[in-house]
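Structure first, commentary second.
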Amino acid sequence: MDFEQSAKSRDYTKRVRQFIKEHIAPIEKQHWDEIHEQRHGGDWKSWRIPDHVEKLKAMAKAQGLWNLFLPDPELGAGLSVLDYAPIAEETGRSLMAPEIFNCNAPDTGNMEVLWKYGNAAQKEQWLKPLLAGEIRSVFFMTEPDVASSDATNMRATAIIEGDEIVLNGKKWWSSGVGDPRCKIGIFMALTPNEQLGRHSQHSMVLVPMDTPGVSIERMLPVFGDYDEPHGHGEVHFKNVRLPLGNVIAGPGRGFEIAQGRLGPGRIHHCMRCLGAAEQGLDLAIARGMARTAFGKPLLNLGGNRERIADARIAIDQARLLTLYAAWKIDKVGPLQAMTEISAIKVVAPNVLQSVTDMAMQIHGGAGMSRDTPLSGFFAQARSLRLADGPDEVHKGVIARIELAKRGYSK
Ligand SMILES: Cc1cc2nc3c(=O)[nH]c(=O)nc-3n(C[C@H](O)[C@H](O)[C@H](O)COP(=O)(O)OP(=O)(O)OC[C@H]3O[C@@H](n4cnc5c(N)ncnc54)[C@H](O)[C@@H]3O)c2cc1C
Numbered sequence: 001m002d003f004e005q006s007a008k009s010r011d012y013t014k015r016v017r018q019f020i021k022e023h024i025a026p027i028e029k030q031h032w033d034e035i036h037e038q039r040h041g042g043d044w045k046s047w048r049i050p051d052h053v054e055k056l057k058a059m060a061k062a063q064g065l066w067n068l069f070l071p072d073p074e075l076g077a078g079l080s081v082l083d084y085a086p087i088a089e090e091t092g093r094s095l096m097a098p099e100i101f102n103c104n105a106p107d108t109g110n111m112e113v114l115w116k117y118g119n120a121a122q123k124e125q126w127l128k129p130l131l132a133g134e135i136r137s138v139f140f141m142t143e144p145d146v147a148s149s150d151a152t153n154m155r156a157t158a159i160i161e162g163d164e165i166v167l168n169g170k171k172w173w174s175s176g177v178g179d180p181r182c183k184i185g186i187f188m189a190l191t192p193n194e195q196l197g198r199h200s201q202h203s204m205v206l207v208p209m210d211t212p213g214v215s216i217e218r219m220l221p222v223f224g225d226y227d228e229p230h231g232h233g234e235v236h237f238k239n240v241r242l243p244l245g246n247v248i249a250g251p252g253r254g255f256e257i258a259q260g261r262l263g264p265g266r267i268h269h270c271m272r273c274l275g276a277a278e279q280g281l282d283l284a285i286a287r288g289m290a291r292t293a294f295g296k297p298l299l300n301l302g303g304n305r306e307r308i309a310d311a312r313i314a315i316d317q318a319r320l321l322t323l324y325a326a327w328k329i330d331k332v333g334p335l336q337a338m339t340e341i342s343a344i345k346v347v348a349p350n351v352l353q354s355v356t357d358m359a360m361q362i363h364g365g366a367g368m369s370r371d372t373p374l375s376g377f378f379a380q381a382r383s384l385r386l387a388d389g390p391d392e393v394h395k396g397v398i399a400r401i402e403l404a405k406r407g408y409s410k
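If you read the sequence shown in the UniProt record's numbering, its first letter stands for residue 1, the second for the next number, and so on.
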């Protein structure tokens, strides 16, 4: 095992850190204040993107700090998953940064799908503008009416009729659908075929958001916050007709694509969690040393120093596990690294949640406000313990593999 960062990755990490320090950190608080001031609750049609976002994106792109997640050397930075880890960690320190470098979810996962499985026409029409940062995208998998942690429960349908595919069903927690720049969705649904097995019954279909029959019914708040201008929507599909050419890789290949999509995408979230946790630890120490109670800095009271040590231990353990999972994906591919991917998918959000909780506590009332990014990090961590599969489902995967190694198949 070798987790050594390449010179190229070290250079990108340094430049991303510097860019965030110079251009993002100084305006980040103002950015979120602006978004929350123009807030209209769940009325997503009035959500707007502040002008500085596109300016910063153009600046990052001009400096080559763009699409760093994509292993393709022509379309992206050509970095291995291991080499991308420290860069994603840097961007995770800020809630705003990932988008500025065109390295934000769910677009990265959707771009990876199109890059790996899309045909030339699909790449031209949708991958190109996504890579250019001109449009944004959404991934429609979870459904309100069934337990979606088991994807075989899915009820939405994608039925072939001649040279068209017809979509029906309801999806929710569709992240990014409220963004006025969101133009394309990847819709996963049942395409029943008795000739094929249980995992060949689903298709992934590209759905332009302005297709007749697609309607955003509402935005779902996370802890009362609509996460504007991104948003998590409930979207209904009623007799949505699209050319068969909109199916990615062909009907019935949805599960196969989902495995590929969620592998590296899941681990990108984990890398960003580490950056957020480091930022939380920095803030906890700064606050705890600067503020005094009962005659001492807060950090010197009670068990607070021990809590700082626990946070350091937990973050470093999580980083090693993340790097191990990244290294394994590079070596043997995501399907052979399922234990490691599931393990870090459980560990990283939980570490972020506990470190952020500690940092919020040291901040007292301020920790609950928007004066720091801590409440945003907490919502991110708590959401990630569900999004891309709940903790329990990932533990189930790990246990199944462990049992199978010992000959137990049930
Ligand atoms: C902020 C946010 C953003 C999201 N973004 C997206 C998105 O962009 N696109 C998308 O399609 N989905 C998205 N999701 C949805 C997310 O992926 C689902 O919520 C998740 O997969 C769980 O599905 P469910 O909500 O139907 O829960 P259910 O399937 O009803 O599960 C509920 C609970 O049951 C328990 N459980 C389930 N299975 C097991 C098991 N095997 N063992 C033990 N306990 C179990 C777990 O505690 C689980 O949390 C998002 C969710 C959130 C909160």
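Beta carbons: idealized from backbone N, C-alpha and C, even for Gly.
This one's a predicted model, so the numbers in the text were calculated from it and none came from an experiment.
Span separating the alpha-carbon of residue i from that of residue j
i           : j      : result
Glu392      : Arg385 : 9 Å
Leu75       : Ala132 : 10 Å
Arg291      : Pro297 : 6 Å
Leu114      : His202 : 17 Å
Ile160      : Gln63  : 45 Å
Gly78       : Ser6   : 12 Å
Gly176      : Ser137 : 7 Å
Gly407      : Asp225 : 47 Å
Phe19       : Arg10  : 14 Å
Gly396      : Pro390 : 10 Å
Gly252      : Ser174 : 22 Å
Lys8        : Asn168 : 46 Å
Glu37       : His31  : 10 Å
Gly333      : Ile100 : 28 Å
residue 412 : Ser409 : Since the displayed the chain opens at 1 and closes at 410, residue 412 lies outside it and no answer follows.
Pro106      : Asp371 : 27 Å
Leu127      : Pro73  : 15 Å
Ile87       : Asp163 : 44 Å
Glu34       : Gly118 : 37 Å
Ile29       : Gln279 : Looking at the sequence shown, residue 29 is not Ile but Lys. Using only the alpha carbons, I get a separation of about 14 Å.
Ala404      : Ser342 : 16 Å
Ala318      : Lys14  : 22 Å
Residues near residue i by beta carbon distance below 6 Å, same chain, minus five either side
i      : result
Ser215 : His236
Ser148 : Thr142
His199 : Phe255
Ile135 : Pro129, Arg181 and Lys183
Buried or exposed (CB count within 10 angstroms, at least 16 for buried), residue i
i      : result
Asn239 : exposed
Gly288 : buried
Arg48  : exposed
Met1   : exposed
His232 : buried
Val16  : buried
Val351 : buried
Leu70  : buried
Asn104 : buried
Pro373 : buried
Candidates the options: closest to residue i by CA position
i      : options                           : result
Asp310 : Thr372, Ala359 and Phe3           : Ala359
Arg382 : Thr372, Ser354, Ala366 and Tyr408 : Ser354
Pro144 : Gly109, Phe69 and Glu217          : Glu217
Ala189 : Arg181, Cys182, Asp179 and Ile248 : Ile248
Asn193 : Gln30, Gly250, Glu402 and Asp227  : Gly250
His394 : Thr372, Ser369, Leu167 and Pro349 : Pro349
Gly109 : Ala258, Phe377 and Lys61          : Ala258
Gly213 : Lys170, Leu281 and Ser200         : Lys170
Ala379 : Pro50, Asp357 and Cys182          : Asp357
Gln336 : Ile398, Arg370, Val347 and Gln317 : Ile398
Ile165 : Asp43, Leu206 and Ala151          : Leu206
Leu320 : Asp150, Ala151 and Glu340         : Glu340
Pro98  : Pro73, Asp43, Cys273 and Asn119   : Cys273
Gly92  : Gly197, Met204 and Ala277         : Ala277
Integer Cβ distance of residue i from residue j, believed to fall under 8 Å
i      : j      : result
Ile184 : Pro208 : 6 Å
Tyr12  : Leu68  : 6 Å
Phe3   : Leu130 : At roughly 30 Å, the Cβ-Cβ gap does not stay under 8 Å, so Phe3 and Leu130 are not in contact.
Met211 : Leu242 : A small correction: the amino acid at residue 211 is Thr; Met does not occupy that position in the sequence shown. The Cβ separation is near 6 Å, so the contact holds.
Gly275 : Glu90  : 6 Å
Ile315 : Leu281 : 7 Å
Ala158 : Ser94  : That belief does not hold up - the Cβ atoms of Ala158 and Ser94 are roughly 37 Å apart, past 8 Å.
Gly42  : Met219 : 4 Å
Neighbourhood of residue i by C-beta, 8 Å cutoff - its chain only, sequence neighbours within 5 removed
i           : result
residue 415 : The question about residue 415 has no answer, for the chain in this structure spans 1 to 410.
Val146      : Asn153, Met154 and Arg155
Asp388      : Leu262, Gly265, Arg266, His269 and Lys345
Glu22       : none
Ser369      : Ser375
Asp179      : Trp47, Ile49, Arg136, Pro229, His230 and Gly231
Other residues of its chain near residue i: CB distance less than 7 Å, five sequence neighbours each side excluded
i      : result
Ile362 : Ala284, Arg287, Gly288, Leu298 and Asn304
Gly245 : Ala121
Ala85  : Met271, Thr322, Leu323 and Ala326
Trp66  : Ala60, Phe101 and Asn102
Ser80  : Pro71 and Asp330
Ile27  : His52
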